[in-house]
Amino acid sequence: MRIATWNVNSVRQRLAPLLAFLREAAPDALCLQETKCEDHVFPRLEIEDAGYNVAVHGQKGFNGVAILSKSPLQDVILGLPGFDGEAQSRYIEAVIADGAGGVMRVASIYAPNGNPPHTQKYLYKLAFMETLTRHAEALLGLEEPTVLAGDYNVIPEARDVYEASAWIGDALFLPQTRAAYQRLVNLGYADALRATSDEGGLYTFWDYQAGAWQKNKGLRIDHLLLSPQASDRLARVEIVKSMRAGEKPSDHVVIYADFAA
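So, in structure tokens, the structure goes:
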């Protein structure tokens, strides 16, 4: 089973590479972030024609999350349970068949950026992370294979950024931010990439500015967090770096995990 996540940075602008990825990589589920459109203009028909069921939680021009799945989506939850700031569409969760007679719970998450620090935007980010941690803890009680996937806007460690010293004052790398992410992991979730590799320089985002892609000045901010039941089945993780070199690419690339039956 293959579960993928991608900050698509406008699903309508990236429809061609999205359909190409679905065709070539054939994920069982793909979590999208920053779809940037209302639900009624999401390209549902094209994605359904590619063989996928669709659940969306969008808003006009900003944010927006979705889950695409080969199997029907059940128990869909729109919005992060318990979060007061859910006027922004940043969370969707659903249950899908796992191909082995069971189910897997999957969430698509677009956490706030939080910049500039020392503003309400950063407090909003921390509040979102705190609520996500409470919900993630509750999900562990279900004892299901669970994948919390998405753009967390968190650089967990210095090896996850091209030059840590340049990001010391940024909301993505502040100690409070990294501590909030670690509290989530410490509940019992595994960072899928770090469960398979200790290597530095593995990035999922390259800014459009200042030749970041050409100079490989990247960040790892897109993560797949796995419950113990999912972690036990983890087989491999791959970052599809080549997507950043495509025509009119998103500034993020897909990262996916493969799970044994």
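Residue numbers (the numbering used here): 106 to 366.
For each residue, glycine too, the CB sits at the ideal point set by N, CA and C.
According to DSSP, is residue i helix, strand or coil?
i	result
residue 154	helix
residue 240	helix
residue 110	strand
residue 391	Not covered by the structure: residue 391. The range shown for the chain is 106 to 366.
residue 358	coil
residue 309	coil
residue 254	strand
residue 235	helix
residue 325	coil
residue 267	coil
residue 290	helix
residue 300	helix
residue 332	coil
Roughly how far, in whole angstroms, is the beta-carbon of residue i from the beta-carbon of residue j, given that I think they are within contact range, below 8 Å?
i	j	result
residue 95	residue 211	Within the shown structure, residues of the chain are numbered from 106 to 366, placing residue 95 beyond reach of any answer.
residue 288	residue 308	24 Å between Cβ atoms; not a contact.
residue 138	residue 215	4 Å
residue 134	residue 174	5 Å
Quick one: is residue i buried, meaning 16 or more other Cβ sit within 10 Å of its Cβ, or exposed?
i	result
residue 347	exposed
residue 168	buried
If I measure Cβ to Cβ from residue i and keep anything under 6 Å in the same chain, skipping five residues before and after, which residues do I get?
i	result
residue 242	292
residue 227	219, 276
residue 341	363
residue 146	none
Near residue i, what residues of its chain come up, given a Cβ to Cβ distance below 8 Å and the 5 sequence neighbours on each side ignored?
i	result
residue 233	185, 188, 190, 195, 216, 217
Excluding the 5 residues flanking residue i on each side, which residues of the same chain have their C-beta closer than 7 Å to its C-beta?
i	result
residue 283	259, 261
(message) So within the stretch 116–203, which uninterrupted alpha helix (DSSP H) runs reach at least 4 residues, ignoring any that extend past its ends?
(response) As far as the stretch 116–203 is concerned, its whole alpha helix (DSSP H) runs of at least 4 residues are 120–130, 149–154.
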